[in-house]
Amino acid sequence: MSIQLKNISKHFGPLPALQNIDFSFPVSKTTVLIGPSGCGKSTLIRIITGLIKFDEGELLINDEILSSSNLYSVRRKLGYVIQDGGLFPHLTAKANVTLLAEYLDWDKIKIENRVEKLCELTKFPKDGLIRFPGELSGGQKQRVSLMRALMLDPEILLLDEPLGALDPLIRYELQTDLKEIFTNLKKTVILVTHDMSEASFFGDIIVLMKTGKIIQTGTVNDFIDSPKEPFVTKFITAQRSFINK
Amino acid sequence: MKKTFSILLILLTFISFYGTAQEKKAPIKVGSKKFTESVILGEIITQLGRLKDPDIIHLREIGGTRVVWNALLKGDIDIYPEYTGTIREEIFASKMLSENAMIDSLKKLHISMSKSLGFNDTYALGMKESLAEKLNIKTISDLRNHPNLKFGFSNEFMDRKDGWPGLQAAYNLPQKNVRGLDHDLAYRGLEDGSIDVVDLYSTDAEIRYYHLKVLKDNLHYFPDYKAVLLYKSSLKNANPLALKSILRLEGSISDSEMINMNAEAKIDKIPEQEIAANFIKQKFSLSTEYKKDTIWSRLFYNTKQHLFMVLISLFAAILLSIPLGITAHRNIKIGKIILSVVGIIQTIPSLALLVFMIPLLGIGSWPAIVALFLYSLLPIVRNTYSGLEDIPLNISESAEAIGLPPFARLRLVELPLASRSILSGIKTSAVINVGTATLGALIGAGGYGQPILTGIRLDDVSLILQGAIPAAVLALLVQWFFDLLELVIVPKGLRLK
Numbered sequence: 001m002s003i004q005l006k007n008i009s010k011h012f013g014p015l016p017a018l019q020n021i022d023f024s025f026p027v028s029k030t031t032v033l034i035g036p037s038g039c040g041k042s043t044l045i046r047i048i049t050g051l052i053k054f055d056e057g058e059l060l061i062n063d064e065i066l067s068s069s070n071l072y073s074v075r076r077k078l079g080y081v082i083q084d085g086g087l088f089p090h091l092t093a094k095a096n097v098t099l100l101a102e103y104l105d106w107d108k109i110k111i112e113n114r115v116e117k118l119c120e121l122t123k124f125p126k127d128g129l130i131r132f133p134g135e136l137s138g139g140q141k142q143r144v145s146l147m148r149a150l151m152l153d154p155e156i157l158l159l160d161e162p163l164g165a166l167d168p169l170i171r172y173e174l175q176t177d178l179k180e181i182f183t184n185l186k187k188t189v190i191l192v193t194h195d196m197s198e199a200s201f202f203g204d205i206i207v208l209m210k211t212g213k214i215i216q217t218g219t220v221n222d223f224i225d226s227p228k229e230p231f232v233t234k235f236i237t238a239q240r241s242f243i244n245k
Numbered sequence: 001m002k003k004t005f006s007i008l009l010i011l012l013t014f015i016s017f018y019g020t021a022q023e024k025k026a027p028i029k030v031g032s033k034k035f036t037e038s039v040i041l042g043e044i045i046t047q048l049g050r051l052k053d054p055d056i057i058h059l060r061e062i063g064g065t066r067v068v069w070n071a072l073l074k075g076d077i078d079i080y081p082e083y084t085g086t087i088r089e090e091i092f093a094s095k096m097l098s099e100n101a102m103i104d105s106l107k108k109l110h111i112s113m114s115k116s117l118g119f120n121d122t123y124a125l126g127m128k129e130s131l132a133e134k135l136n137i138k139t140i141s142d143l144r145n146h147p148n149l150k151f152g153f154s155n156e157f158m159d160r161k162d163g164w165p166g167l168q169a170a171y172n173l174p175q176k177n178v179r180g181l182d183h184d185l186a187y188r189g190l191e192d193g194s195i196d197v198v199d200l201y202s203t204d205a206e207i208r209y210y211h212l213k214v215l216k217d218n219l220h221y222f223p224d225y226k227a228v229l230l231y232k233s234s235l236k237n238a239n240p241l242a243l244k245s246i247l248r249l250e251g252s253i254s255d256s257e258m259i260n261m262n263a264e265a266k267i268d269k270i271p272e273q274e275i276a277a278n279f280i281k282q283k284f285s286l287s288t289e290y291k292k293d294t295i296w297s298r299l300f301y302n303t304k305q306h307l308f309m310v311l312i313s314l315f316a317a318i319l320l321s322i323p324l325g326i327t328a329h330r331n332i333k334i335g336k337i338i339l340s341v342v343g344i345i346q347t348i349p350s351l352a353l354l355v356f357m358i359p360l361l362g363i364g365s366w367p368a369i370v371a372l373f374l375y376s377l378l379p380i381v382r383n384t385y386s387g388l389e390d391i392p393l394n395i396s397e398s399a400e401a402i403g404l405p406p407f408a409r410l411r412l413v414e415l416p417l418a419s420r421s422i423l424s425g426i427k428t429s430a431v432i433n434v435g436t437a438t439l440g441a442l443i444g445a446g447g448y449g450q451p452i453l454t455g456i457r458l459d460d461v462s463l464i465l466q467g468a469i470p471a472a473v474l475a476l477l478v479q480w481f482f483d484l485l486e487l488v489i490v491p492k493g494l495r496l497k
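The listed protein sequences derive, respectively, from chains A and B.
Residues 1 to 245 (my numbering) are what the first sequence spells out, left to right.
Residues 1 to 497 (my numbering) are what the second sequence spells out, left to right.
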């Protein structure tokens, strides 16, 4: 499933959030969107989910334009994970994961099997399924959120700073698990982060953004060896942990 | 949630069934105004009528002249005691009307008027004998020399043309400190000195009880207020025997007899039914039946009426308010209109709203229910709206992003998350409703307001408490009920400590 952005522009009031974004996300690869706060990376991911509308340009998902008639069917092919999970606090972990499947009247056995498989995949303890989000740790919440995103086996995974709110140890652990999942599932993954080491860890391709524009795309080495702007060097050297490694 | 809903529904159907079943028969309906004399007369009429029509009922203390008159016009009542002065000045607003012209005008409205019942209950001004003596006030004209006296007049006297405005002009009275308040409260004001001069009726029991000096109407300002009966002309054909029995009253009550009966009710605290029965026995040597009600039978009856008003109005308000709150949340522009309209409704004084309802819906439970319904809107609409607004963006967006359509989002995510707020809005409405429903008695809806109203009229604290205590207890019960309901309706995940 392909995602193509053609000359996408978006304004919030008079402020430009995205300017002429032109990009095709490579299928079955992990693309990382990175950039300083306010560069438009989250806006971009929210445009792809249809949560916000863009002003100009074209968004093609599987060569289809997103419209009200295909909005829900397209969304169900996208798994979406956000910073603190966005779990529904009134539902148990399991009910969070199965909400949409239940709504779509999936067979009970099919649901059980799928949940079991997802628990294994995301290394989420099965006895945690009956807990409410308020009773889960930050890392567990993200695993549940990932399970919810993967429940319908979507072709694309969108993750908006999924590890942003976690402490370093849990973050490290989850990074490793996520990478493994991405590699095994071979899904098209779009991940937003502001952390360069995370970007280099996950990204087959890194897209560096600034003030609503794409500055450079490529691998970390491309960024180091042939920066297109002084900003690229400035951005990657500002990430101390990455340079020191 | 579904279960509680259906229980409520069954309960309401039952109650409304019960309510309509009561109204199926069409007996003679006697009305009375919100003061003791009118209630006693209403009771006498009822007992005399009952000799020929066992189903006759008395709608006690429905309200002031306008309310009772309109009730007669609309057919909510068939007969009530009125005064010639009131008919002339207030109902037809014409000083020149002769008695025959009055009868003709009434006839056009299909209303008949009896001959005078015998006594004249005209307006008068009164003050404490001691104060009158000290200031040497004997006539209304004498008041001119004491501009600092505090006047406390019944609201009706304050407003009506032949009341204070006319009196002030006729006597050229200079007093500025003039307050409108309930007639019965005015007497209490006299006792504690916060009021010096009150309006009276010339047959008031209080004249003797409070040692009042009735000031002489030296300019003959106040017209005659002879007591008569107004009734639907159709009664002559529909129920001639009962009417004939009732019209025995013509010319049979003297001024002193009326003062006595008023004093028995207000001072000796004898129930009006008993006073009426005694009078009929003495006067006509007839024994009449009346139901002697106990505290418990009254409590049961009042509770039934009160719950009827509260439950129906609240239920209807819930049905409308939650969709309104959702609409307000979904659409900012419409939302602003919705919130300001229900907000404005809330600012209308409850008494005024009740009275506005009378021309539209007459008297009784339904206008009260509509008024209570309107008052219940704001807390529920606002809490539904704010409960939905308070859902964190990441959660509402997650619901959207996983591919739930709007209605499913509302049902599965947003409403459960807002449930606590919505429920507390309903709780607020219900508790306010229980309190406001006591005002329903003012327009003949009964309920816990009835003993309070009668208690104020008779200056009887125990009677007031018979309405006030159950109302307070009901409010507490309602509160507990909703606290329990919260455990059922609000999802467990939201109740984690």
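Virtual Cβ for every residue (Gly too), placed ideally from N, Cα, C.
- Per the Cβ contact rule, the segment 88-103 of chain B is not in contact with the segment 251-269 of chain B (fewer than 3 Cβ pairs under 8 Å).
- Chain-ordered, the chain A residues with CB closer than 7 Å to the CB of Glu400(B) read Leu51.
- Nearest neighbour of Lys126(A) by Cα position, chosen from Asn184(A), Glu229(A), Asn70(A) and Ala93(A), turns out to be Ala93(A).
- Non-local beta-carbon contacts of Glu272(B) in its own chain, meaning distances under 7 Å to residues more than five positions away in sequence, involve Val39, Ile40, Glu43 and Ala265 in chain order.
- Note on the segment 393-420 of chain B: whole alpha helix (DSSP H) runs with a minimum of 4 residues are 393-401 and 406-409, in chain order.
- Following the DSSP letters along the chain, one finds Ala227(B) inside the beta strand (DSSP E) bounded by residues Ala227 to Lys232.
- Put simply, the CB of Ala408(B) is near chain A, with a gap under 8 Å to one of its CB atoms.
- The beta carbon of Ile82(A) falls within 8 Å of a beta carbon belonging to chain B, placing the residue at that interface.
- Met96(B) sits in coil when the DSSP states are folded into three classes, being neither helix nor strand.
- Neighbours of Ile395(B) across chain A, judged by C-beta separation under 7 Å: Gly86 and Phe88.
- Per DSSP, the continuous beta strand (DSSP E) segment holding Phe23(A) begins and ends at Leu15 to Phe25.
- Taking the C-beta atoms as reference points, Val370(B) is found no nearer than 8 Å to Leu377(B).
- As DSSP reads the structure, Arg179(B) sits in a beta bridge with Gly152(B).
- Taking a C-beta distance under 8 Å as the contact criterion, Ile452(B) and Thr436(B) do not qualify as a contact pair.
- Within 10 angstroms of the beta-carbon of Glu180(A) lie fewer than 16 other beta-carbons, which makes it exposed.
- In the same chain as Val178(B), and ignoring 5 residues on each side of it, the C-beta atoms closer than 6 Å to its own belong to Phe151, in chain order.
- Between Tyr290(B) and Gln47(B), the C-beta spacing is below 8 Å.
- In the displayed model, Phe124(A) falls within coil according to three-state DSSP, outside both helix and strand.
- Looking at the backbone, the Cα of Phe92(B) and that of Gly444(B) are separated by about 24 Å.
- The C-beta distance from Met151(A) to Lys77(A) rounds to 12 Å, too long to meet the 8 Å contact threshold.
- Closest in alpha carbon position to Asp224(B), among Ile358(B), Tyr201(B) and Ile363(B), is Tyr201(B).
- For Lys216(B), the secondary structure class from DSSP, reduced to helix, strand or coil, is strand.
- Judged by DSSP secondary structure, Pro81(B) falls within the beta strand (DSSP E) whose first and last residues are Ile79 to Tyr83.
- Excluding the 5 residues flanking it on each side, Ala124(B) has same chain C-beta neighbours closer than 6 Å at Leu200, Ser202 and Val214, in chain order.
- The beta carbons of Leu339(B) and Tyr375(B) sit about 15 Å from each other, so the pair does not count as a contact at 8 Å.
- For Thr211(A), there is no enclosing alpha helix (DSSP H), as DSSP marks it with neither H nor E.
- Taking C-beta separations shorter than 8 Å and ignoring five residues to either side along the sequence, the partners of Leu299(B) in its chain run Gln466 and Pro470, following chain order.
- By the neighbour-count criterion, in which a residue is buried when 16 or more other Cβ atoms sit within 10 angstroms of its Cβ, Pro81(B) is buried.
- Partner residues in the beta bridge of Ser9(A), as assigned by DSSP, are Glu56(A).
- In the structure shown, Asp390(B) adopts coil according to DSSP, grouped into three states.
- With contacts defined as CB atoms closer than 8 Å, Thr31(A) and Val144(A) fail to qualify as a contacting pair.
- Residue-level contact check: Gly139(A) does not touch chain B, since none of the beta carbons of chain B fall below 8 Å from its beta carbon.
- In the three-state scheme derived from DSSP, where H, G and I count as helix and E and B as strand, Asn120(B) is classed as strand.
- Chain-ordered, the chain B residues with CB closer than 9 Å to the CB of Phe132(A) read Pro491, Lys492, Gly493, Leu494 and Leu496.
- Val413, Pro416, Leu417 and Ser419: these are the residues of the segment 413-430 of chain B whose beta carbon lies less than 9 Å from some beta carbon of chain A, given in chain order.
- Bridge partners of Met147(A) according to DSSP: none are assigned.
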